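Peer 1: One structure follows; several queries about it will come next.
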Amino acid sequence: MLANSLEALDKAHLIHPVVSLREHERRGVTILQSGQGCFLTDSAGNRLLDGFAGLWCVNAGYGHKSIVDAAAEQMMRLPYATGYFHFGSEPAIRLAAELAELAPEGVDHVFFTLGGSDAVDSVIRLVRYYWNARGQTAKKNFIALQSGYHGSSSTGSGLTALPLFHEGFDVPGARQHHIPSPNPYRHPAGPDGDAVSAAVVQSFRDKVAELGAENVAAFIMEPIQGSGGVIVPPAGFAKAMQEACRELDILFVVDEVITGFGRTGPIFACEHEGLTPDFITIAKGLTSGYAPMGAVLMADRVYQVIADGAPEGVALGHGLTYSGHPVSAAVGLEVLKLYRGGMIDNAHSVGAYFTRRLAEFRDRPLVGEVRGKGLLAAIELVSDKATKAKFPAEARIGPRLAEIGYRNGIIFRAFNDGTLGFAPPICITEDEVDLLIDRVDATLTEISNA
Ligand code: PMP
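With the working numbering applied, the sequence shown corresponds to residues 834 to 1283, in that order.
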């Protein structure tokens, strides 16, 4: 009865992100009621293994009392403190210091946001400010990778390179460019990783030559492209892009909104290749989704230019009311304690186990590729393994997979093209991985027989 009336209210009033609004009106909402560890319970009482950590964000898993206590204590003591006008709060300062300690060498400064989209948008503004401060006022163009996702804000969505986020919205804007995705499975130079890497670096150099390096401000990439289908670039690609950016005097931005906080093993995926970006964007796992928060991490060499960008006493005109929100920051501090107290170690060991177990699906019918790193992975289904042909849109493979998976007690990201994305909480155990594999197995069997 309660569920019914909530469904009616939902249909009448709540606009959901990234759904067909008309389809949602027909289908209705799936209400999630509670969570514990890696499991969710819906309003019908179904218990589901959350193979997607909410939306790649509940890295620590559900139901941690210590996180709830940290938030409650901070709310009692001081629910809000602005960061404007020299004010601040203890949790925001401590969290910034911890992030600077964990971030790559030379990345020492933190600007807090509410999530990933405004972190990317903040970077866009700060990049412009940086080049203007250096007197290179023609450096306005941004380059990103096809299949990349960098949020839904009005400017950041232009760096995102998924057609769904562009069509009808009049983006990308001027001075936003894309080069091919370093996807070893689908790039013409593949599957050899070095060849794919070299080809995409060359595409970057060609694009920069076309625009003129003196007109290019920054390049942005995800260490693993999440929303584009969990595409894992060849080893060494990000490092090669960093080197090309340094050589051409272009800022190098790494978007770790998904890959941060143990998702691929270490706290930051930058560690895999020893990257030292000019900016890193983070969100999601920063607070494990218990409270909204994102951040821009900034290299000291960039900070120094920006800090000198205005005359003495003139403010940097960029701010958000909830930047450094003390409750979110208190949550972030507690979450980091959990990560460092064993979950990162678990992400490394269970991540390796997860990779091994997922690989068992390689030879199954319809499975084109199994790929991933740590606890971020995908199975790409294809209609023809030899030609790698995708399913036609009318097959509605994604929604069907989501529905079959749900019936089998598992939530994963069902991409429209038939790719299954996985990002379980990093506290997942080997037994839970086995359960996940069993439920994916049942799902694949059912879709293959359909
Ligand atoms: N960047 C990346 C790499 C992301 O995956 C996302 C969200 N999925 C964002 C930015 C945007 O973050 P948010 O949804 O918190 O605004």
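We put the beta carbon where it would ideally sit given N, CA and C, even for glycine.
Everything numeric in this text was worked out from a predicted model, so none of it was measured.
Can you tell which of A1210, D1111, G1152 and L947 has its C-alpha closest to the C-alpha of A1335?
Peer 2: As displayed, the chain neither begins before 834 nor continues past 1283, which places residue 1335 out of reach and without an answer.
Peer 1: Using three-state DSSP, classify Y895 as helix, strand or coil.
Peer 2: Here Y895 sits in strand by DSSP.
Peer 1: Just verifying my parser: in three-state terms, what is the DSSP assignment at M1176?
Peer 2: Three-state DSSP puts M1176 in a helix.
Peer 1: Say yes only if the C-beta of H1011 is nearer than 7 Å to one or more non-hydrogen atoms of the ligand PMP, and no if none qualify.
Peer 2: Answer for H1011: no, Cβ out of range of the ligand PMP.
Peer 1: Does the region 1213-1226 come into contact with the region 1188-1195, if we say contact requires no fewer than three beta-carbon pairs (one atom in each stretch) closer than 8 Å?
Peer 2: Judged by Cβ distances under 8 Å, the region 1213-1226 makes no contact with the region 1188-1195, as fewer than three pairs qualify.
Peer 1: Just reading off the beta strand (DSSP E) that N974 is part of, what are its end residues?
Peer 2: Note, N974: beta strand (DSSP E), N974 to L978.
Peer 1: Would you say P1067 and D1027 are within 8 Å of each other, going by their C-beta atoms?
Peer 2: Their beta carbons are under 8 Å apart, which means P1067 touches D1027 by this criterion.
Peer 1: My assumption, with CB atoms under 8 Å, is that P1024 sits in contact with P1017. Please give the rounded CB distance.
Peer 2: P1024 to P1017, Cβ: 5 Å. Contact.
Peer 1: Since G948 and G1098 should fall inside the 8 Å C-beta cutoff, what is the C-beta to C-beta distance between them, to a whole number of angstroms?
Peer 2: With 8 Å as the limit, G948 and G1098 do not qualify as a contact, their Cβ atoms being about 23 Å apart.
Peer 1: Got a sec? Which residues, its chain only, sit under 8 Å from R1079 by beta carbon, not counting five neighbours each side?
Peer 2: So the list reads F1085, once near-sequence residues are dropped.
Peer 1: Does G939 pass the burial test, meaning 16 or more other C-beta atoms within 10 Å, or should it be called exposed?
Peer 2: Burial call: exposed.
Peer 1: When you compare only the Cα positions, how much space is there between S876 and L865?
Peer 2: Taking the straight line joining both Cα atoms gives about 6 Å.
Peer 1: With a cut-off of 8 Å on the beta carbons, I'd call F945 and A925 a contact; round off their distance for me.
Peer 2: Right, the Cβ-Cβ distance comes to about 6 Å (below 8 Å), so this counts as a contact.
Peer 1: Going by Cα to Cα distance, which pick from P1258, F1248 and L1166 is closest to L928?
Peer 2: Answer by Cα proximity: L1166.
Peer 1: For the beta strand (DSSP E) containing H1020, name the first residue and the last one.
Peer 2: Segment: none, H1020 is in no beta strand (DSSP E) and carries neither H nor E.
Peer 1: Provide the residue span of the beta strand (DSSP E) that contains M1131, from first to last.
Peer 2: Its beta strand (DSSP E) spans residues G1127 to A1132.
Peer 1: Pairs of beta-carbons, one from the region 1052-1068 and one from the region 970-984, closer than 8 Å: are there three or more?
Peer 2: Enough Cβ pairs lie closer than 8 Å, so yes.
Peer 1: Assuming V1287 contacts S1121 under a Cβ cut-off of 8 Å, what Cβ separation, rounded to an integer in Å, is found between them?
Peer 2: For the chain, the structure presents residues 834 to 1283; residue 1287 sits outside this window and is missing.
Peer 1: With DSSP as the reference, label S987 as helix, strand or coil.
Peer 2: Coil.
Peer 1: Return helix, strand or coil for S867, following the three-state DSSP convention.
Peer 2: It is a strand residue.
Peer 1: Does DSSP classify R1197 as helix, strand or coil?
Peer 2: In this structure, R1197 counts as coil in the three-state DSSP scheme.
Peer 1: Grab me the residues of T911's own chain with a C-beta within less than 8 Å of its C-beta, minus the 5 sequence neighbours each way, in chain order.
Peer 2: In the sequence as presented, Thr is not what sits at residue 911; that position holds Leu. Hits under 8 Å: S922 and P1159.
Peer 1: Would you say the beta carbon of G1205 is closer than 7 Å to some non-hydrogen atom of the ligand PMP?
Peer 2: No; taking the cut-off as 7 Å, the Cβ of G1205 has no heavy atom of the ligand PMP nearer than that.
Peer 1: Can you tell me which of the three DSSP states V960 falls into?
Peer 2: Helix, per DSSP.
Peer 1: Is the closest heavy atom of the ligand PMP to the C-beta of H849 under 7 Å?
Peer 2: Every heavy atom of the ligand PMP is 7 Å or more from the Cβ of H849, so no.
Peer 1: Is it buried or exposed for A1163, if we count other Cβ within 10 angstroms and need 16 for buried?
Peer 2: Burial call: buried.
Peer 1: Taking Cβ positions, are V1237 and E1263 nearer each other than 8 Å?
Peer 2: In the sequence as displayed, the identity of residue 1237 is Ile instead of Val. Going by C-beta atoms, I1237 is not nearer than 8 Å to E1263.
Peer 1: Take the Cβ of Y917 as the centre, count every other Cβ of all protein chains shown within 10 Å, and call the residue buried at 16 or more, exposed below.
Peer 2: With fewer than 16 other Cβ atoms within 10 Å, it is exposed.
Peer 1: Leaving out five residues before and five after Y1186 in sequence, what residues of the same chain have Cβ atoms less than 7 Å from its Cβ?
Peer 2: If we look at Y1186 and ignore the five residues flanking it on each side, its Cβ neighbours are E1263 and V1266.
Peer 1: Counting only runs of 3+ residues fully inside the region 1061-1092, write out the beta strand (DSSP E) ranges in chain order.
Peer 2: Whole beta strand (DSSP E) segments, 3+ residues: 1084-1088.
Peer 1: Could you check if A1042 is buried or exposed, using at least 16 other CB atoms within 10 Å of its CB as the buried criterion?
Peer 2: Result: exposed.
Peer 1: Given that a residue counts as buried once 16 or more other Cβ atoms are within 10 Å of its Cβ, and exposed if not, what is Y963?
Peer 2: Looking at its Cβ environment, which holds 16 or more other Cβ atoms inside 10 Å, Y963 is buried.
Peer 1: Quick one: what does DSSP say D1299 is sitting in, helix, strand or coil?
Peer 2: The first residue shown for the chain is 834 and the last is 1283, placing residue 1299 beyond what the model contains.
Peer 1: I want to check one thing, is the minimum distance from the CB of G1059 to the heavy atoms of the ligand PMP below 7 Å?
Peer 2: Yes, the beta carbon of G1059 sits closer than 7 Å to at least one heavy atom of the ligand PMP.
Peer 1: Exposed or buried, what is M909 when buried is set at 16 or more other beta-carbons lying within 10 Å of its beta-carbon?
Peer 2: Under this definition M909 is an exposed residue.
Peer 1: Would a C-beta distance cut-off of 8 Å place G896 and G861 closer than the cut-off?
Peer 2: Their beta carbons are not under 8 Å apart, which means G896 does not touch G861 by this criterion.
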